[in-house]
Structures are given as structure tokens and as C-alpha cells.
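Working notes, beginning with the structure itself.
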Amino acid sequence: MNAPIPVHVLPTFEPRPVPAAMLEALRQHFGTRCSTALAVREQHGRDESPFDVPPPEAVVYAESTEDVAFIVKLADEHAVPVIPFGVGSSLEGHLLAVQGGVSIDLSRMNAIVRVNPEDLTVTVQPGVTRNQLNREIKDAGLFFPIDPGADASIGGMSATRASGTNAVRYGTMRDNVLALTVVTAKGEVIHTGTRARKSSAGYDLTRLFVGSEGTLGVMTEITLKLYPLPEAVSAAVCHFPDVGSAVKTTIQVIQMGVPIARCELLDTHAVRAVNAHDKLSLREAPMLLMEFHGSPASVAEQAATVQEIASEFGGEDFQWATTPEERTRLWTARHRAYFAGLQMKPGCRTVTTDTCVPISRLADCVTQALAEAEAAGIQHYLVGHVGDGNFHVAYLIDPNNDAERDTAERLNKTLVERALSMQGTCTGEHGIGLHKQGFLIDEAGAGAVAMMRTLKRALDPKNIMNPGKIFAL
Ligand SMILES: Cc1cc2nc3c(=O)[nH]c(=O)nc-3n(C[C@H](O)[C@H](O)[C@H](O)COP(=O)(O)OP(=O)(O)OC[C@H]3O[C@@H](n4cnc5c(N)ncnc54)[C@H](O)[C@@H]3O)c2cc1C
């Protein structure tokens, strides 16, 4: 048996107070758009992670790139931390003001700057949310596929290199951001990339900022790839005797090259939770929720292939959801699984794992993780973007119960170690934030982390951009 390890103890940092002169300058410039009200600061000083630290000293609502540049220049002058804020749905302590400072709320920068349907691109401000974007481009026959469960901002999604249920077919933010406008740690404005689909021009700064978790600069405009709405869409659920059979089905579907658009696993606990939360009557057994995009003929062909594979692994009760209403109902329930899970244990918080492994190792990784959670007796459920090899075990913990927190962290650590031994990653899509810093060095190695630190020091010499995240300097 593993000895308990206090891995939930977060790194500690010295607070860096905001000087009165800086606060005064912010108040003068922004008026009521600069708030020091406790409720506002608290709302910006936490995310969906189970950690609590004191909030930032002030929150400023930016409305333009110039606003952001003004705040960052002041922060640079006074060596004060700034933390970009999208909608606050991140899960790893990304937004916590561990060194104090000023939160830059980008939600009011929510304009669609330019849609170019003929090129399948769009440029947006960072506070545009994924649902807002999809509503606004739908009439042009287009959609943006990246869909973290929350209605996250495009800025936050770019900063965490997010993905979601469609990544198996359409890739992640890494694959879908073409260009950025960024306010650097010096308060200068730079542009990375163009609207061209590809480029060999110098270092790829776009991909450096995508996934940088607010630690290198603030993205104030983002150019994205768009996709035509598929001609035909069909969704299906299929139940399995056990989780392993559902995963083996997925592995074979991917290995056969079926261009499935979504392939999500829910274990029995997760199905029970979404049934209760969304008033559904899904059979309470491990389930794959799938979607197929294409022409009517190709959707029918993909679905027939998957149905055949599933039946080889004991999959039954294939049920089709062909109307948009039925599909929306199922996918809404899937997207709300996190909140459904929270309702299973009143007052709980969630420690969520995010490992991703090469697809051939997924069945072993998932079944061992679940066996360990059952053996530990901790309340949990599993959802997974299994088509990508990515899954989340959510351990439901009483935040005041250290023993439960230790158990969740120990299980997470064991799972990450296994994923790394399988040449996978500790985080497929949520990012490192505060919580996964200990795993970064194990995964990337000392040399790579030293290079990341060198980049951080070069681009942010005063360590003002969301300091203490990804790694401590
Ligand atoms: C119910 C639920 C389901 C989720 N499902 C998924 C999922 O399937 N896939 C997935 O990838 N994630 C998922 N997440 C996590 C979360 O939604 C993503 O991490 C999302 O990308 C965060 O976006 P946000 O707007 O909330 O960013 P925030 O939480 O506000 O910020 C996240 C990070 O980005 C930085 N940041 C924000 N805006 C900018 C900017 N303009 N410039 C620079 N840095 C910036 C912040 O400083 C912070 O470090 C889920 C979360 C919840 C609560």
C-alpha cells in the first residue's frame, strides 16, 4: 500500500502588493471599470479547482487592446503581477492570485472582429465564448468545433490549449489558432501569424502563446480556423458490459481510421449522475456517446462500421439520435457531467485527472485507474474523450477532509506515473496551472523545463505575467 503523500500542498509564494500609486492610476484611467470590491475580487480569485488562496487586489475590466497595454505597462513599471481572466472555468488553479496583483477581466472584449467565410477563418476578441461564436457564424453555414464542457472564452481556451469532444476529428486549439495579437509583458503589442493556413516564417510564436496559461502575454485578438457545418450528422449511444469493452471498441475504431467526430466514454457513475441531473433515462452501464459527420452516405457507412466493432465487444442497445433536438439533449448532458457529478455529493469539490495516453495503451490505463479508485473507496466517476486517449477520473472530495484529499491526490499521482510510463501526458487539455507543476518535470525532463524557464525569463523578466503558474521561477 502507498504511504500517504501531502501532494495537495501547493507551492507557497510571497505576495507582491499593488502600490497605492498604481491603484490610483488604474482608478483614474478606468473609473468604475477598476474594482477593489471584495466580492468582485473573490469571483476573479478562484476557478473550478479545489484550492483557495487570497484574491487579487484589484480587477480591471478591459475593453480594448490599448486598455490591456495600459494595465500591463503600469504593472511592468511597478513589477506587479497581472492575471488574464476569461470566464474562470479552468480546473488547475490557473487564476489563483498566488502572488497577489491585478486580474485583467477580458469578458467585455467580446466582439467578432471579422468573419471570412470564403477562407473559413474568423478573428475574435478573447472574451468571445465558444457558444457565442457558434451562434454568430451558424447562419454562414460554419462552425468552430473546439468545445470544453464549460462555455469558455476563446482567450482562455487558447491560453490552456483546450480541446473537448470534437478533438478526435478536428484537433485542439493548437491546431485551430492561426494568428494572435498579444500584449507582451512590456505592454507592447505584437502580431503572430497571418490568415494563411500555413507558414514557414521564423519561430512559431502563435504556438508558443497557445497553451502558455497567461504566463507570457495577454492575447487580445485571435484568428481561428472554421469548418463548414457537416451535411449530415448522426449521434448514437451504445452500452457495454464493462468499461474495458467500451475502450477496446474505441481503440479499434481509431485504428481502423474511421473518421468519427466525437467518441466519449461515461462510466456507470457518470451515467447515473447525468440521468439524475438532466432527467434522462439512459441505461446505467458504461456507455459510448458518439457522433458522425459527413455526407449522408459516409455517415451511414461510419456508423455501420462502428456498430459492427461495438457488437464484437459486447456493445448493445445502439440508439440513434438523428434530430438536432435529441442530439443537443445528449451532448448538453455530456457537457454538464461535471456539474452533475458535483451533485452526487453535496458540498464536494472535484480533483480531476487529465491523463492522455497513446490509444493502444488506453484500455490498460483506464481499467487500472478505475480499479484503484474502487479499491480506495473514494466516490468518483469517469468521463473521457477516449477517441484521443484522454480521460478524466473525477474524485469527489469533501474540501475539509484531508484524508479524502490525500487519497484523491495519491490516486492522481499513481495515474500520472502510469500514463508517463506509457509515453503519455499528465494533462491532455486542462494545462499545468498550479496543481500539476510537480508532474511537468517528470514528463518534460529537466532540460526542457530549463528551456521553458529561459523563455519565460526572456519574455517576462520581471515575472509579472500570471506568476507561479506552470512552474515557479
Ligand atoms: C464543466 C467543465 C468542463 C470542462 N471540460 C473541458 C474539456 O472538455 N476540455 C478542456 O480543454 N477543458 C475543459 N474544461 C476546462 C476549461 O473550460 C478550459 O480550461 C477553458 O479553456 C478555460 O477557459 P476560460 O475562459 O474559463 O479561461 P480562464 O479559466 O478564465 O483562464 C484560464 C487560463 O488562461 C489564461 N487566460 C485567459 N484569457 C487569456 C488571454 N486572453 N490571454 C492570455 N491568457 C489568458 C488565464 O490567466 C488562465 O491561466 C472544463 C471546465 C469545466 C468547468
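Each residue of the sequence shown is one higher than the last, beginning at 1 in my numbering. Cβ coordinates follow ideal geometry from the N, Cα and C atoms, glycine included. Since we're looking at a predicted model, the values are computed, not measured.
{"Query": "Reducing DSSP to helix, strand and coil, say where residue 455 ends up.", "Result": "helix"}
{"Query": "Got a sec? Which residues, its chain only, sit under 7 Å from residue 33 by beta carbon, not counting five neighbours each side?", "Result": "60 and 61"}
{"Query": "Less than 7 Å separating the beta-carbons of residue 55 and residue 97?", "Result": "yes"}
{"Query": "Can you give me the Cβ contacts of residue 191 inside the same chain, cut-off strictly under 6 Å, excluding the 5 residues immediately before and after it?", "Result": "181"}
{"Query": "If the criterion is Cβ atoms closer than 7 Å, does the pair residue 365 and residue 428 meet it?", "Result": "no"}
{"Query": "Starting from residue 320, follow its DSSP beta bridges and name the residues at the other end.", "Result": "236"}
{"Query": "Should residue 83 be counted as a contact of ligand 3 given a C-beta to heavy atom distance under 6 Å?", "Result": "Of the ligands this structure carries, namely ligand 1, none is ligand 3."}
{"Query": "Leaving out the 5 sequence neighbours to the left and right, which residues in its chain are closer than 6 Å to residue 193 when beta-carbon positions are compared?", "Result": "178, 179 and 206"}
{"Query": "For residue 219, list the residues DSSP reports as bridge partners.", "Result": "182"}
{"Query": "Helix, strand or coil: how does DSSP classify residue 471 here?", "Result": "coil"}
{"Query": "Kindly indicate which residue of 354, 72, 370 and 349 has the alpha-carbon position closest to the one of residue 420.", "Result": "354"}
{"Query": "Do residue 174 and residue 210 have their C-beta atoms closer together than 7 Å?", "Result": "yes"}
{"Query": "Does the distance between the C-beta of residue 463 and the nearest non-hydrogen atom of ligand 1 fall short of 6 Å?", "Result": "no"}
{"Query": "So residue 90 and residue 156 are supposed to be a Cβ contact under 8 Å. How far apart are they, rounded?", "Result": "7 Å"}
{"Query": "Is there at least one non-hydrogen atom of ligand 1 closer than 6 Å to the beta-carbon of residue 159?", "Result": "yes"}
{"Query": "Please classify residue 448 as buried or exposed, where buried requires at least 16 neighbouring CB atoms within 10 angstroms.", "Result": "exposed"}
{"Query": "Measuring alpha carbon to alpha carbon, tell me which of 404, 413 and 44 ends up nearest residue 369.", "Result": "413"}
{"Query": "Might you give, ordered along the chain, the residues of its own chain that have their beta carbon closer than 8 Å to the beta carbon of residue 161, omitting 5 neighbours on each side?", "Result": "172, 173, 174, 210, 211, 429 and 431"}
{"Query": "Hey, would you say the C-beta of residue 72 is under 6 Å away from at least one heavy atom of ligand 1?", "Result": "no"}
{"Query": "Counting only the same chain and skipping the five closest in sequence on each side, list residues whose C-beta sits under 7 Å from that of residue 82.", "Result": "71, 72, 75, 101, 102, 104, 464 and 465"}
{"Query": "Quick check on DSSP: helix, strand or coil for residue 421?", "Result": "helix"}
{"Query": "Among 254, 119, 153 and 255, whose alpha-carbon lies nearest the alpha-carbon of residue 195?", "Result": "119"}
{"Query": "May I ask you to report which of helix, strand or coil DSSP gives residue 394?", "Result": "strand"}
{"Query": "For residue 454 and residue 284, what's the separation of their Cα atoms in angstroms?", "Result": "50 Å"}
{"Query": "Alpha carbons only, please: which of 435, 444, 458 and 64 is nearest the one belonging to residue 221?", "Result": "64"}
{"Query": "On the DSSP bridge list, what partners appear for residue 348?", "Result": "According to DSSP, which records beta bridges pairwise, residue 348 is partnered with nothing at all."}
{"Query": "CB-CB under 8 Å to residue 185, same chain, minus the five flanking residues each way: which ones, in chain order?", "Result": "72, 76, 216, 217, 459, 460, 461, 462, 464 and 465"}
{"Query": "Please name the residue, chosen from 273, 287, 106 and 107, that lies closest to residue 346 on a Cα-to-Cα basis.", "Result": "273"}
{"Query": "Do residue 381 and residue 373 have their C-beta atoms within less than 7 Å of each other?", "Result": "no"}
{"Query": "Identify whether residue 38 lies in helix, strand or coil by the three-state DSSP scheme.", "Result": "helix"}
{"Query": "Hey, which unbroken runs of the alpha helix (DSSP H) at 4 residues or more fall wholly within the stretch 268-339?", "Result": "268-278, 296-312 and 324-335"}
{"Query": "Could you check whether the Cβ of residue 87 sits closer than 6 Å to any heavy atom belonging to ligand 1?", "Result": "yes"}
{"Query": "Bridge partners of residue 228, per DSSP?", "Result": "142"}
{"Query": "Please state whether the Cβ-Cβ distance between residue 92 and residue 435 is less than 7 Å.", "Result": "yes"}
{"Query": "Let me check understanding here. Comparing Cα to Cα, which of 433, 471, 457 and 291 lies closest to residue 446?", "Result": "471"}
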